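Novice: The listed protein sequences correspond, in order, to chains A and B.
Last residue of the first sequence: 429 (the working numbering), numbering continuous.
Last residue of the second sequence: 1112 (the working numbering), numbering continuous.
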Amino acid sequence: MHYNAGDTAWVLVSAALVLFMTPGLAFFYGGMVRSKNVLGMLMQNFATMAVVSLIWVFGAYSLAFGPDWGGFGLVGTLHFFGLAHSSQPVPGYTGAISQHIPPLAFVVFQMTFAIITPALITGSIADRVRFGPFLLFVALWSVLVYAPIAHWAFDPHGWLYRMGVEDFAGGTVVEINAGAAGLAIATVVGRRRGWPRSPMPPHNVPLTLMGAGILWFGWFGFNAGSALGANNLAAHAFINTNTAGAAGLLGWIAVEKLRGGKSTTLGAVSGAVAGLVAITPSCGFVDAVGAGVIGVAAGVVCSLAVSAKFRLGVDDSLDVGGVHLIGGVVGTLLIGLLGTMATNGSNGFFYGGGLGLLGRQGLAVLASGAFSFAMTWVIAKAIDKSVGLRMAPEDEFEGMDTALHAESAYDFGGSFLRSLGGGSMSNAQ
Amino acid sequence: MKLIVAIIKPFKLEDVRNALIRAGVVGMTVSEVQGYGRQSGHTEVYRGAEYQTNFVPKLKIEMVVPDEVSAEVVEAIVEAANTGKIGDGKVWILSVEDLVRVRTGERGAEAL
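1. Taking the alpha-carbon positions, what's the F58/A to G73/A distance?
2. Quick one: what's got a C-beta closer than 6 Å to G1087/B's C-beta in the same chain, skipping five residues either side?
3. Considering just the uninterrupted stretch of the alpha helix (DSSP H) at I176/A, what are its terminal residues?
4. My assumption, with CB atoms under 8 Å, is that T264/A sits in contact with G331/A. Please give the rounded CB distance.
5. Relative to chain B, which residues along the region 286–311 of chain A have a C-beta separation below 9 Å, given in chain order?
6. Run the CB neighbour count on W1092/B, radius 10 Å, all protein chains shown included, and call it buried at 16 or more, exposed below.
7. Return the chain-ordered ranges of every alpha helix (DSSP H) run that is complete within the region 87–130 of chain A and spans a minimum of 4 residues.
8. Could you give the distance in angstroms between the alpha-carbon of A1019/B and the alpha-carbon of L266/A?
9. Could you list which residues in chain B have their beta carbon closer than 9 Å to that of D319/A, in chain order?
10. Counting only Cβ pairs nearer than 7 Å, list the residues of chain A close to Y1051/B.
11. How far does the alpha helix (DSSP H) with I1021/B in it reach, from first residue to last?
12. Express the C-alpha separation of P118/A and A382/A in angstroms, rounding to a whole number.
13. Return the residue from the list V1096/B, D1067/B, N1054/B and K1060/B that minimises the CA-CA distance to A1081/B.
14. Which partner residues does K1060/B have in the DSSP bridge list?
15. Which stretch, first to last residue, makes up the beta strand (DSSP E) that contains A997/B?
16. DSSP has S1095/B in a bridge; who is on the other side?
17. Whole angstroms are fine: how far does the CA of A1111/B sit from the CA of V1102/B?
18. Return no unless some Cβ of chain A is closer than 8 Å to the Cβ of V1100/B.
19. Is there a Cβ from chain A that is less than 8 Å from the Cβ of E1044/B?
20. Take the Cβ of V387/A as the centre, count every other Cβ of all protein chains shown within 10 Å, and call the residue buried at 16 or more, exposed below.
21. Over the uninterrupted alpha helix (DSSP H) stretch that includes Q438/A, give me the two end residues.
22. Is T122/A close to chain B? Criterion is C-beta to C-beta, closer than 8 Å.
23. Flag this pair as yes or no: are the beta carbons of S1098/B and K1002/B separated by less than 8 Å?
24. Do V143/A and the ligand FAD come close, with the Cβ less than 7 Å from some heavy atom?
25. Beta carbon of A298/A, beta carbon of A278/A: below 8 Å?
26. Looking only at its chain, what residues have a beta carbon closer than 6 Å to the beta carbon of H236/A, apart from the 5 residues adjacent to it on each side?
27. For G179/A, return the contacting residues in chain B, with the cut-off set at a CB-CB distance below 8 Å.
28. Thinking V165/A and Q361/A are a contact (beta carbons under 8 Å), I'd like their distance in whole angstroms, please.
29. To the nearest whole angstrom, what separates the beta carbons of A114/A and V52/A, a pair I think is in contact under 8 Å?
30. So, is H324/A buried or exposed, given that buried needs 16 or more other C-beta atoms within 10 angstroms?
31. In terms of DSSP beta bridges, what is K1090/B paired with?
32. Does E1159/B pass the burial test, meaning 16 or more other C-beta atoms within 10 Å, or should it be called exposed?
33. Are the C-beta of S415/A and some C-beta of chain B separated by less than 8 Å?
34. Going by other Cβ atoms of all chains shown within 10 Å of its Cβ, with 16 needed for buried, is P206/A buried or exposed?
35. Which residues does DSSP list as the beta-bridge partners of Q1052/B?
36. Does the distance from the CB of G179/A to the CB of V13/A come in under 8 Å?
Set out below in structure tokens:
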């Protein structure tokens, strides 16, 4: 097997870029919660990196990208469990899409996607879930939800891929999947006490902006890395990613202004993320105009969608549904209109293709969203009924940082009095 | 002796301090406080959700002055802290029974 050095280097670097997105996401979310819960949020995301890293090597990768089980295109076998047979080429990537990178580079690149997807779900259940049961949820979810959907849409033997569904970097596998799962688990664990009457504003918007900046940076690896090579298609995906993020930012703050409010910092970072979410499936299939349209559309639609949770009565605390589910749907569907062979893939409706592609994209949206919601609901319910997902009321009031982790994030005003207040080190020598 | 307590807008602190120096007041205590009177709080908007903050940040300044200058000091504070807009604050005056300077043990007006 001949490996291309440039392709391999780019995919390995992209894997590192995407891994960095998860701590970025932790800050993005961490700034949006109240100060008593910021460490709880960071811990959920950071620990997800560890749990999924192991699950991926021992099982989940093989279920997602191993030889297809029974030819149904639903899930892989355990052929690659524990990274066995790692010198064999990844099944299905033959002919025009054959890989020129070591299979283990593909393993680690896809691992970083498997990590950030359950990490995204933490935004739906902020401030109220126990730590251990959360880790159990992530482990089960990676095997039972992420691996199958990744097989469907990313693996050339998957039923969505074979049908001609176009998902370049994870509109269905990552964004719609995480968004639908977030809504499902938020439904199971219930609202935060006091929501929506008590104000729960972000405690540190600068932290959120820093996190969004890291996400934007890492997204180049996410999207351009998904070309699996250092080539023209990667460059298309790279510039389209940036264009859509920029357009999404401006789209969201334009809506704020047009609705009579002010352009907010949180609106700008949310719009950028919405644009980046929507370009994730489409970055390798559209041209510059398409990327701009998709970005603006995501910024506008998501800014309107985030208030739906109040009408639905679901405490999707940090709008994983409003931003990732809806943004993912926008990007996945618009491929059906804006896809162009001049970049890659098939022509969408506006570029002389028929409506067939839009129909296939719609089916992929429904299949991934419905499976994710239903399966996540079952997993969350099972954990809640057996060991309990929800924190005790007094712990929730106290905050995750001290109640779950015996730490506090900030030591400013209280430090002087605390140093005088009769505290002592129990293990001082 | 009178204890004068004033709640003022934070950005007026320098004006009030200068006015008090001109009025001959030699010391004060300042604390950051939050509260509300007739001025409502302000509104913050996060992803379209509006949050009303009920408590507005203010400064509380306290000083003890001799009886004969208290009216003049209050007037100086009121004049310096006034912007004409809602939320300028309040000033109130209490009688002080006694006062001790910790360093020397002097009492009453001597200790001021």
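By construction, the Cβ of each residue, glycine as well, lies at the ideal position given by its N, Cα and C atoms.
What you are looking at is a predicted structure, and each value in this text was computed from that prediction instead of being measured.
Specialist: Short version:
1. The straight-line gap from Cα to Cα measures roughly 21 Å.
2. The residues are Q1039.
3. Premise fails: I176/A is in no alpha helix (DSSP H) and is neither H nor E.
4. Actually they do not touch by this definition, with Cβ atoms about 23 Å apart.
5. Within the region 286–311 of chain A, the residues whose Cβ lies closer than 9 Å to some Cβ of chain B are S303, L304, V306, S307 and F310, listed in chain order.
6. Counting Cβ neighbours within 10 Å, W1092/B comes out exposed, since fewer than 16 surround it.
7. Correct list: 103–121.
8. Looking at the two C-alpha atoms, the distance is approximately 41 Å.
9. Think of a sphere of 9 Å around the beta carbon of D319/A: the chain B residues whose beta carbon falls inside it are R1047, in chain order.
10. The contact set of Y1051/B on chain A, defined by CB atoms closer than 7 Å, consists of P199 and P201 in chain order.
11. Its alpha helix (DSSP H) spans residues L1013 to R1022.
12. Whole-angstrom Cα-Cα distance: 17 Å.
13. Of the candidates V1096/B, D1067/B, N1054/B and K1060/B, the residue whose Cα lies closest to the Cα of A1081/B is K1060/B.
14. Answer by DSSP bridge pairing, in chain order: I1007/B and S1031/B.
15. Lying outside 1001 to 1112, the shown extent of chain B, residue 997/B is not represented and no answer is given.
16. Beta bridge pairing from DSSP links S1095/B with K1002/B.
17. The alpha-carbon separation between V1102/B and A1111/B amounts to approximately 9 Å.
18. At a cut-off of 8 Å between C-beta atoms, V1100/B does not count as an interface residue with respect to chain A.
19. Taking Cβ atoms only, chain A reaches closer than 8 Å to E1044/B, which makes this a yes.
20. Under this definition V387/A is an exposed residue.
21. Nothing in the structure corresponds to residue 438/A, since chain A is present only between 1 and 429.
22. By this cut-off, T122/A is not an interface position.
23. With the sequence shown as reference, residue 1098/B is identified as Asp, and Ser is not the correct amino acid for it. The Cβ atoms of D1098/B and K1002/B do not sit closer than 8 Å to each other.
24. As presented, the structure is devoid of all ligands, the ligand FAD included, so that no description of it is given.
25. The Cβ atoms of A298/A and A278/A lie closer than 8 Å to each other.
26. T343, listed in sequence order.
27. Neighbours of G179/A on chain B: none; closest Cβ ~15 Å, over 8 Å.
28. Rounded, the Cβ-Cβ distance is 6 Å, consistent with contact.
29. Rounded, the Cβ-Cβ distance is 5 Å, consistent with contact.
30. Under this definition H324/A is a buried residue.
31. Residue pairing for K1090/B: DSSP places it in a beta bridge opposite I1007/B.
32. With chain B represented from 1001 up to 1112, any question about residue 1159/B goes unanswered, as that position is not in the structure.
33. Note that S415/A scores a pLDDT of 49, beneath 50, so its modelled location is shaky; the value from the coordinates is reported in the next line. Answer no: the Cβ-Cβ gap between S415/A and chain B never drops below 8 Å.
34. Residue environment analysis places P206/A among the exposed positions, since fewer than 16 neighbouring C-beta atoms fall within 10 angstroms of its C-beta.
35. In DSSP, Q1052/B forms a bridge with T1043/B.
36. It is not a contact, given that the beta carbons lie outside the stated cut-off.
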